[in-house]
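A short worksheet on the structure shown next.
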């Protein structure tokens, strides 16, 4: 028979590590109060509950409106490892939503500028923080906010000191931010650092470093620094990389660098035409497109045009490519190669 004995175990749907969530509109204000509690366990449970709620964009908007960001900013400096890790996770989840990306204005730049401990707990915290910055930078407003907050020198400084996995996130963030403004990065000697990353054994790092160089090479000063630091021979070498993504990214960087006369002749001197012609048969449409554009740039030099005249049929064949952008680029390339003074 059933009896009235009370079980000593918690109900199966109760999470002892998560704070109880108040009903309705009181849920987030109550959690915000608990985030500011002096009791460590209360703060930890509130963060776990907040993490689950932040998957909903409506809750993200409400959290920003009631001031949760200020509480989270202070918790990034909390002496407890778990609190810092969960705080960074909450910020990362908030940054995955469009409405949450407006939080960049509330972040403390000090969280990036200070080197901090290097233990495995701090590594997890920094990784989540940089994931948040990566998501923020995906929108022009977020990238502009990072640039306007003068965080670019700190990101460049971190690039030479962080773990390899975090370096990939930093390179993604830099590539997006430098599209907005590369001035601070160029003043922070980003080109020699990216040159070093092009030689990494990690193919993802090589590819992302080349993508960052694309953004760096948009302004004239960036093109000149890439030429001055002898990065072009490395980019030409990467055209023969075993990873197609690396090849495509290297060709994209060369596409901008070879706009200048110095860049054109530096690429010709390193015999870039042969690997670029081989790249025209790549399975990646962006690799074919970038290669065509680089070859078009090189064809503007008399020496390059002379070398490419025998390869016009290859470009003619690409006018029937499945990609409309490749077709158009091939037509322009043929006109430049066949041009006569």
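In full-length UniProt numbering, the protein residues as written are 1 to 341.
Where a beta carbon is used, it is the ideal one built from N, C-alpha and C, also for glycine.
- Message: With the cut-off set at 8 Å, would you say residue 47 and residue 87 are in Cβ contact?
- Response: Yes, the pair counts as a contact, with Cβ atoms nearer than the cut-off.
- Cα separation between residue 200 and residue 206? Answer to the nearest angstrom: the Cα atoms are 6 Å apart.
- For residue 173, does the count of other Cβ atoms within 10 angstroms reach 16, so buried, or fall short, so exposed? A residue is called buried when at least 16 other Cβ atoms come within 10 angstroms of its Cβ; residue 173 meets this threshold and is buried.
- Task: Taking all protein chains shown into account, decide if residue 154 is buried (16 or more other Cβ within 10 angstroms of its Cβ) or exposed.
- Result: Classification for residue 154: buried.
- Query: Just curious, the alpha helix (DSSP H) that residue 200 is in, first and last residue?
  - Reply: Residue 200 -> no alpha helix (DSSP H), and no H or E assigned at all.
- residue 186 burial status per 10 Å Cβ neighbour count (16 or more: buried): Label assigned to residue 186: buried.
- Query: Roughly how many angstroms lie between the CA atoms of residue 262 and residue 225, to the nearest whole one?
  - Reply: Computed Cα separation, rounded: 11 Å.
- Message: Less than 6 Å between C-beta atoms, sequence neighbours within five positions excluded: which residues of the same chain meet that for residue 57?
- Response: 97 and 99.
- Message: So, at 6 Å on beta carbons, what are the nonlocal neighbours of residue 210 in its own chain, with the 5 sequence-adjacent residues on each side left out?
- Response: Same-chain partners within the cutoff: 249, 250 and 253.
- Query: residue 227: buried (16+ other C-beta within 10 angstroms of its C-beta) or exposed?
  - Reply: By the beta-carbon neighbour count (other beta carbons within 10 angstroms, threshold 16), residue 227 is buried.
- Below 7 Å CB to CB, which residues in the same chain sit around residue 223 once its five sequence neighbours on both sides are set aside? If you ignore the 5 residues before and after residue 223, its C-beta comes within less than 7 Å of the C-beta of 217, 256, 257, 259, 260 and 263, all in its own chain and listed in chain order.
- Query: What three-state label does DSSP hand residue 290 in the structure shown?
  - Reply: Residue 290: helix per DSSP, three-state reduction.
- Query: With 16 other CB atoms within 10 Å as the buried threshold, where does residue 38 fall?
  - Reply: It is exposed - the Cβ of residue 38 has fewer than 16 other Cβ atoms within 10 Å.
- Applying the criterion that 16 or more other CB atoms from any shown protein chain within 10 Å of the CB defines a buried residue, is residue 84 buried or exposed? Answer is buried; the Cβ neighbour count reaches 16.
- Item | CB contact flag (residue 294, residue 277, <8 Å) | No; because the gap between Cβ atoms is not below 8 Å, this pair is not in contact.
- Query: What is the DSSP secondary structure of residue 76, reduced to helix, strand or coil?
  - Reply: Residue 76 falls in the coil class under three-state DSSP.
- Based on Cα-Cα distance, which residue from 183, 296, 212 and 184 lies nearest to residue 196? The option with the nearest alpha carbon to residue 196 is 212.
- With respect to the alpha helix (DSSP H) encompassing residue 252, which residues constitute its N-terminal and C-terminal limits? Per DSSP, residue 252 belongs to the alpha helix (DSSP H) from 244-257.
- Message: Within a Cβ cutoff of 7 Å, which residues of the same chain sit near residue 322, ignoring the five residues on either side of it in sequence?
- Response: Nothing meets the Cβ criterion.
- residue 229 (DSSP reduced to helix, strand or coil): Residue 229 falls in the coil class under three-state DSSP.
- Message: With a threshold of 7 Å on Cβ separation, who are the neighbours of residue 233 within its own chain once the five nearest residues in sequence on each side are excluded?
- Response: Once the five neighbours on either side are set aside, the close Cβ partners of residue 233 are 270.
- DSSP three-state assignment for residue 157, whether helix, strand or coil: Annotated three-state conformation of residue 157 is helix, per DSSP.
- Message: Is it buried or exposed, residue 35, if we count other Cβ atoms within 10 angstroms and call 16 or more buried?
- Response: So residue 35 ends up on the buried side.
- Query: Where do the ends of the alpha helix (DSSP H) carrying residue 322 lie?
  - Reply: Counting along the chain, residue 322 falls outside any alpha helix (DSSP H), and DSSP gives it neither H nor E.
- Between residue 113 and residue 326, what straight-line distance do the alpha-carbon atoms span, to the nearest angstrom? Bear in mind that the predicted position of residue 113 carries a pLDDT of just 43, short of 50, making it too unreliable to give a figure here.
- Message: Quick check on this structure: which residue in 268, 312 and 215 has the alpha carbon closest to the alpha carbon of residue 302?
- Response: Looking at the Cα atoms, 268 is the closest of the given residues.
- Leaving out the 5 sequence neighbours to the left and right, which residues in its chain are closer than 7 Å to residue 160 when beta-carbon positions are compared? Here residue 160 has 193 as same chain residues with Cβ atoms under 7 Å from its own Cβ, once five neighbours each way along the sequence are excluded.
- Give every residue of the same chain whose Cβ lies closer than 7 Å to the Cβ of residue 90, excluding the five residues on either side of it in the sequence, and list them in chain order. Result list for residue 90: 47, 50, 51, 54 and 72, in chain order.
- Might you give, ordered along the chain, the residues of its own chain that have their beta carbon closer than 7 Å to the beta carbon of residue 166, omitting 5 neighbours on each side? For residue 166, where only same-chain residues beyond five positions count, the Cβ hits under 7 Å are 126, 127 and 130.
- How many angstroms separate the CA atom of residue 300 from the CA atom of residue 330? In a straight line, the C-alpha of residue 300 is about 15 Å away from that of residue 330.
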